[in-house]
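Chemist:
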Amino acid sequence: MDSLQEKHIDVKRGLHYRYYISEAGDTSKPTLLLLHGWPDSAHLWHRMLPDLAKLNLKILAPDLLAYGGSSKPTDPALYDHRLMSADILEILDSEKIDKVIPIGHDFGCWFTAKFHLLHPERCVATVHIGIAYMPPITEMPSLEDLNAMMVQLYGYPRYSYFHFFTADDAPELFAANLESAWHVLHGDGEDWVKYIFCTPDGMRDWVTAGRTDVPLRAYAKDEKLKREWMALMPTAKEWEASFCWYRAFAGGIQAEADKAIPVERYKLELPVLAVMCKGDGVNPPNTLDGPKEAGLLPNLTEDLLEGGHWCPYEEPEKLSKMIVDFVREQGFAG
Numbered sequence: 380m381d382s383l384q385e386k387h388i389d390v391k392r393g394l395h396y397r398y399y400i401s402e403a404g405d406t407s408k409p410t411l412l413l414l415h416g417w418p419d420s421a422h423l424w425h426r427m428l429p430d431l432a433k434l435n436l437k438i439l440a441p442d443l444l445a446y447g448g449s450s451k452p453t454d455p456a457l458y459d460h461r462l463m464s465a466d467i468l469e470i471l472d473s474e475k476i477d478k479v480i481p482i483g484h485d486f487g488c489w490f491t492a493k494f495h496l497l498h499p500e501r502c503v504a505t506v507h508i509g510i511a512y513m514p515p516i517t518e519m520p521s522l523e524d525l526n527a528m529m530v531q532l533y534g535y536p537r538y539s540y541f542h543f544f545t546a547d548d549a550p551e552l553f554a555a556n557l558e559s560a561w562h563v564l565h566g567d568g569e570d571w572v573k574y575i576f577c578t579p580d581g582m583r584d585w586v587t588a589g590r591t592d593v594p595l596r597a598y599a600k601d602e603k604l605k606r607e608w609m610a611l612m613p614t615a616k617e618w619e620a621s622f623c624w625y626r627a628f629a630g631g632i633q634a635e636a637d638k639a640i641p642v643e644r645y646k647l648e649l650p651v652l653a654v655m656c657k658g659d660g661v662n663p664p665n666t667l668d669g670p671k672e673a674g675l676l677p678n679l680t681e682d683l684l685e686g687g688h689w690c691p692y693e694e695p696e697k698l699s700k701m702i703v704d705f706v707r708e709q710g711f712a713g
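This is the structure:
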């Protein structure tokens, strides 16, 4: 993140955020707002920054709540997407930033959509990486019912891993088996992501045993990258905070927050770029079909990457080019 300036802010609700912002960039144009997912930090974007800088737009990349240098509360209620969106607005206002293009990956992609839905006046477009647009859910089903629906729709329980992530012992197990966790995230076995995330108890059994007997994807063999990631997630406290994103979702906190979003906003009228990944069995490209067929993405640009879920690490140049081309084609940069 050397190309960006590190800054800090305490927001009104008493939480601390670390964020990174570029000194260069046309302040008359929208800012690229980079929103990482689980279990990463703003560092997720570092391989893409040189190419994104070619747009000559301001870039802002926060460590979202629970990650990096930001606060790590362990109360799921503090992860209400309305509250976290208000935190981001405070950061934007402190930097005198009006319009943004939120760009999200993983749970940051889900948060990108929520920010867009709650504050469309601040967004000129959005980019969803790896996860299809999910319209508001005002009544959260149980995880058992949710996975039964996934089996009916896709043939397998896509959200099996939610059971593990919301279990009381998950933080301790992940903290005690960081090497195993790295292999869980970045393994290169056949249909690895689908197997490890979508097999009931598959990930729990793997992490509990401390297993590492799966090859790593090429980017994940970078020891520096692994050490930097492990330094951000060293204890059960960090893991417990990160799982609050899942607890808030599974526990209905986000469904209650979704009730504040007017139904007429469910259709994303602004330009949307959706980049899906062929190698992501949890979020396969066909999960984009539902919101498309429902007419919720009338101004959609689609793109596809060959690799796995962590494409900002694996295919940063290709992903950056997709974003740069989209932003230019929409007229937001020269």
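First residue of the sequence shown: 380, per the working numbering; consecutive thereafter. Note that beta-carbon positions come from the ideal geometry of N, C-alpha and C, so glycine has one too. Here the structure is a predicted model, which means the values were calculated and not measured.
Would the beta-carbon of H552 fall within 8 Å of that of V586?
Modeler: Rather than His, the amino acid found at residue 552 in this sequence is Leu. Contact flag set, yes.
Chemist: One question on the structure: do W624 and Y458 come within less than 8 Å of each other, judged by their Cβ atoms?
Modeler: Yes, these two residues count as a Cβ contact at 8 Å.
Chemist: Would you list, in sequence order, the uninterrupted alpha helix (DSSP H) runs of no fewer than 4 residues that lie entirely inside the segment 572 to 598?
Modeler: Runs found: 581 to 587.
Chemist: In this structure, how does DSSP classify M528 when only helix, strand and coil are distinguished?
Modeler: Of the three classes helix, strand and coil, the one that applies to M528 here is helix, per DSSP.
Chemist: Out of K605, A639 and L679, which has the shortest C-alpha to C-alpha gap to E708?
Modeler: Comparing Cα-Cα distances from E708 to each of K605, A639 and L679, the minimum goes to L679.
Chemist: Where in the segment 412 to 444 do unbroken runs of the beta strand (DSSP E), each at least 3 residues long, occur, reported from the N-terminal end onward?
Modeler: Counting only runs of 3 or more, we get 438 to 441.
Chemist: Do L439 and E474 come within 8 Å of each other at the CB atom, strictly closer than that value?
Modeler: Closer than 8 Å, so yes.
Chemist: Can you tell me the Cα-Cα spacing of K605 and A599, whole angstroms?
Modeler: The alpha-carbon atoms of K605 and A599 are separated by roughly 7 Å.
Chemist: With DSSP collapsed to three states, give me the class of Q384.
Modeler: In the structure shown, Q384 sits in a strand (DSSP, three-state: E or B).
Chemist: Helix, strand or coil for V651, going by three-state DSSP, please let me know.
Modeler: Strand.
Chemist: In chain order, what are the residue ranges of uninterrupted alpha helix (DSSP H) at least 4 long that sit wholly in the segment 499 to 570?
Modeler: Listed in chain order, they are 522 to 533, 540 to 544, 549 to 555 and 557 to 565.
Chemist: Give the DSSP-derived three-state secondary structure of R392 in the structure shown.
Modeler: R392 falls in the coil class under three-state DSSP.
Chemist: Measure the Cβ-Cβ separation of E469 and I400 and say whether it is below 8 Å.
Modeler: Not a contact, by the Cβ cut-off of 8 Å.
Chemist: Going by alpha carbons, who is nearest to H422 out of D466, M612 and R461?
Modeler: Closest by alpha carbon: M612.
Chemist: Going by the beta-carbon positions, is the gap between F490 and W417 smaller than 8 Å?
Modeler: Not in contact: F490 and W417 (Cβ atoms no closer than 8 Å).
Chemist: Quick check: the segment 559 to 566 against the segment 665 to 677, are there 3 or more CB pairs under 8 Å?
Modeler: The segment 559 to 566 is not in contact with the segment 665 to 677.
Chemist: Please confirm if the segment 622 to 638 is in contact with the segment 534 to 552, defined as three or more CB-CB distances below 8 Å between the two stretches.
Modeler: The answer is yes - the segment 534 to 552 touches the segment 622 to 638, with three or more Cβ pairs under 8 Å.
Chemist: Which term fits K657, buried or exposed, when burial requires 16 or more other beta carbons within 10 angstroms of its beta carbon?
Modeler: Burial call: exposed.
Chemist: Using a Cβ-Cβ cut-off of 7 Å (strictly less than) and excluding sequence neighbours within five positions of G631, which residues of its own chain qualify?
Modeler: For G631, where only same-chain residues beyond five positions count, the Cβ hits under 7 Å are M519.
Chemist: Got a sec, what are the start and stop residues for the beta strand (DSSP E) I640 sits in?
Modeler: First-last for I640: undefined, no H or E at that position.
Chemist: Since M427 contacts L444 with CB under 8 Å, what's their CB separation in whole angstroms?
Modeler: Incorrect: roughly 22 Å between the Cβ atoms, too far for contact.
Chemist: What's the gap between the Cα of D524 and the Cα of P429?
Modeler: The alpha-carbon atoms of D524 and P429 are separated by roughly 44 Å.
Chemist: Can you pull the DSSP bridge partners for G483?
Modeler: Partner(s): L414 and H507.
Chemist: Might you give, ordered along the chain, the residues of its own chain that have their beta carbon closer than 8 Å to the beta carbon of V563, omitting 5 neighbours on each side?
Modeler: Here the set comprises I575, M582, W585 and V586.
Chemist: Cβ atoms of V654 and I508: under 8 Å apart, would you say?
Modeler: Yes, Cβ-Cβ distance for I508 and V654 is below 8 Å.
Chemist: With a 10 Å radius around its C-beta and 16 neighbouring C-beta atoms as the bar for buried, classify L434 as buried or exposed.
Modeler: Buried, by the Cβ-count rule.
Chemist: Just to check my reading of the structure: A615 and A712 have Cβ atoms closer than 8 Å, yes? What is that Cβ distance to the nearest angstrom?
Modeler: With a Cβ gap of about 43 Å, A615 and A712 do not count as contacting.
Chemist: How about P409 and L436: do their beta carbons lie closer than 8 Å?
Modeler: The answer is yes: Cβ separation under 8 Å.
Chemist: Buried or exposed for E694, please, with buried defined as at least 16 other CB atoms from any protein chain shown within 10 angstroms of its CB.
Modeler: Buried, because 16 or more other Cβ atoms sit within 10 Å of the Cβ of E694.
Chemist: What would DSSP say about L684, mapped onto helix, strand or coil?
Modeler: It is a strand residue.
Chemist: So, using beta-carbon positions, are N662 and A527 closer together than 8 Å?
Modeler: Contact: no.
Chemist: Could you pull the DSSP bridge partners for Y399 from this structure?
Modeler: In DSSP, Y399 forms a bridge with E385 and A440.
Chemist: Rounding to the nearest angstrom, what Cα-Cα distance links K700 and H425 in this structure?
Modeler: C-alpha separation (whole angstroms): 15 Å.
Chemist: Where does L676 sit, in a helix, a strand or coil, going by DSSP?
Modeler: Note: L676 maps to coil in three-state DSSP.
Chemist: Rounded to a whole number of angstroms, what is the C-alpha to C-alpha distance between R461 and T666?
Modeler: Looking at the two C-alpha atoms, the distance is approximately 25 Å.
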